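*Asks:*
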Amino acid sequence: MNEIRSFHWTEKMEFFNLAAMLITVPIDSGTSLLFSVFWMLSVILKNTILKRWSFFGWHQDKNFQYGKSQYFLIPVLCYWFAYLLSLLWTENMTTGWGEIGELIWFLVLPLTCVCTDFRQFSEKLVRVMLWSFVLTLSVLFVLLLSIKVVKACASAEYSFLWFMMNEDFYYIHHAYMALYILTGLAFLYSELVRKEKQDARLTVLSVVCACCMVLFLLCINSRAGLLCLIILMAFCWVHQCFVRKKYRFALISLVIASLVVVGSHFALPEYFRRLSETIVQVANGDKSDGRFEIYEKTWMVLKDNMLLGVGAGDRMDELIPYYDSEEEAYCPHNQYLDTWMTTGVVGLLSLLAMLIVPLVMALRKRHIFSFLFLLMLMVSLLFESMWERQMGIVFTAVIYIYMLLLFQLDSRKIAHTELPGNSSDISVPDHQQ
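In terms of the numbering used here, the sequence shown opens at residue 16 and continues consecutively.
(1) Our contact map puts F156 next to L217 with C-beta atoms below 8 Å; I'd like the distance itself, whole angstroms only.
(2) Kindly confirm or deny that the stretch 392-406 and the stretch 240-258 touch, where touching means at least three C-beta pairs closer than 8 Å.
(3) Would you check whether the ligand PLP has a heavy atom nearer than 7 Å to the C-beta of M376?
(4) Our contact map puts G328 next to T110 with C-beta atoms below 8 Å; I'd like the distance itself, whole angstroms only.
(5) Give a yes or no on whether the C-beta atoms belonging to L420 and V91 are separated by under 8 Å.
(6) Please report how far the alpha carbon of F451 lies from the alpha carbon of A377, in whole angstroms.
(7) Does the Cβ-Cβ distance between L232 and I196 come in under 8 Å?
(8) Would DSSP call S69 helix, strand or coil?
(9) With a threshold of 7 Å on Cβ separation, who are the neighbours of M315 within its own chain once the five nearest residues in sequence on each side are excluded?
(10) Output the boundary residues of the alpha helix (DSSP H) element that contains T313.
(11) I believe G5 touches A97 by the beta-carbon criterion, under 8 Å. Please report the beta-carbon distance rounded to the nearest angstrom.
(12) Looking at Q423: is its Cβ nearer than 8 Å to the Cβ of S84?
(13) On the criterion of 16 or more Cβ atoms from any shown chain inside 10 Å, does C168 qualify as buried, or is it exposed?
(14) In three-state DSSP terms, what is T357?
(15) Which word fits T131, buried or exposed, when buried means at least 16 other C-beta atoms lie within 10 angstroms of its C-beta?
(16) Can you give, in chain order, each stretch of the alpha helix (DSSP H) that sits fully within the stretch 181-236 and has at least 4 residues?
(17) Starting from the C-beta of F386, find all residues in its chain whose C-beta is less than 7 Å away, skip the five residues before and the five after it, and write them out in chain order.
(18) Leaving out the 5 sequence neighbours to the left and right, which residues in its chain are closer than 7 Å to E29 when beta-carbon positions are compared?
(19) Is the beta carbon of N107 less than 8 Å from the beta carbon of D319?
(20) Which term fits M321, buried or exposed, when burial requires 16 or more other beta carbons within 10 angstroms of its beta carbon?
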């Protein structure tokens, strides 16, 4: 790309590492962490050599204009500090510092963002990075499905359906993989509704990738993921029908979605049985599902520690007495309850703020991708302690960086439009300013 060729070598490093951070998450979160470190080093190099230091809108180049979009990262920083503060009353300091270390990316990545600017990035480059993530997921699904087909062809005893039902489709925990896939689907929908004229080839690619990722979501057998998919599809249908007034598209998409659901029901009956049973259990208040029992035990600990929480490091120690043995003890499987139980009201408010503040910004700026990602994240946090593992922490922090990029690009576009003599709403690439 011509834009990238015009970059300084430090800016090229920054672009590559920022893209690699996102692309490698679905494959190995440790590799993504490594690229995160490289990204921070490239930012330091860029700021040192090009003097691009910035801090919440302050920067050395006074002629360069930024909006206030960086402020939505403040709740992310507060969330980490809430865990750090909870060490004051925790008893298990070793485990507590371990949890703080896992959450450190909620501190260092946002701080890196607010200490630099991204003037070299354009909307097109951000879209290229997100497209790379979508294509990675699609290719990964095709490879995994091919492996199942090869196993079925090589086996004289078991069928393809047996391999699908009795073997894990992918080694990453299904709740995290579902969030990755849903994020890709959210981006594809945002591409579909872009105001600019769509390339027919890009539209076809979007449809193919969307089909691959929906099938991927079905194959990993995530009930929370399927629920989020239903919510995502419902939002997209309502948006097409009542906001964009695309009635024909809404009708066709509804028919296609119905056919996909019916076909998937017959092809993968076990997956739909688990989902339907869960819906019935929730509707009837049945507590036979394992998560309801986990929530009850979490609430027993929480009700005695609502204000301050038990402290980082003590949550599992407090939960174990309510189980028959330490091996049978589970984490809360709900990030809201998990954070509240661990850090108290301060941590819970920080969590809610880091979700609601960017959600409001996305609504005001009409950023479909950011809105849908946050909506999927908020639902996913109801069914899993998503930030218990690095694969959830790193992914969330990286997507927040991408949201910041999109928000800042929008602010620059508005600022450029409001300049005297500018009637176009297309922003000038930063490397040409």
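The beta-carbon is built from N, C-alpha and C at its ideal position, and this holds for glycine as well. Bear in mind that the values here come from a model prediction, so they are computed numbers and not experimental data.
*Replies:* Reading off the structure:
(1) Not confirmed; about 19 Å, so no contact.
(2) yes
(3) For the ligand PLP, the structure offers nothing, since it holds no ligand at all.
(4) 4 Å
(5) Pairing L420 with V91 gives a Cβ-Cβ distance that is not under 8 Å.
(6) No answer is possible for residue 451: it lies beyond the span of the chain, which begins at 16 and ends at 448.
(7) yes
(8) In the structure shown, S69 sits in a strand (DSSP, three-state: E or B).
(9) Y337
(10) Taken as a continuous stretch (DSSP letters only), the alpha helix (DSSP H) holding T313 covers G305 to L317.
(11) Not covered by the structure: residue 5. The range shown for the chain is 16 to 448.
(12) yes
(13) exposed
(14) helix
(15) buried
(16) 189-207 and 215-234
(17) Excluding sequence neighbours, F386 sits near L374, A377 and L378.
(18) W54, S57, V58 and K61
(19) no
(20) exposed
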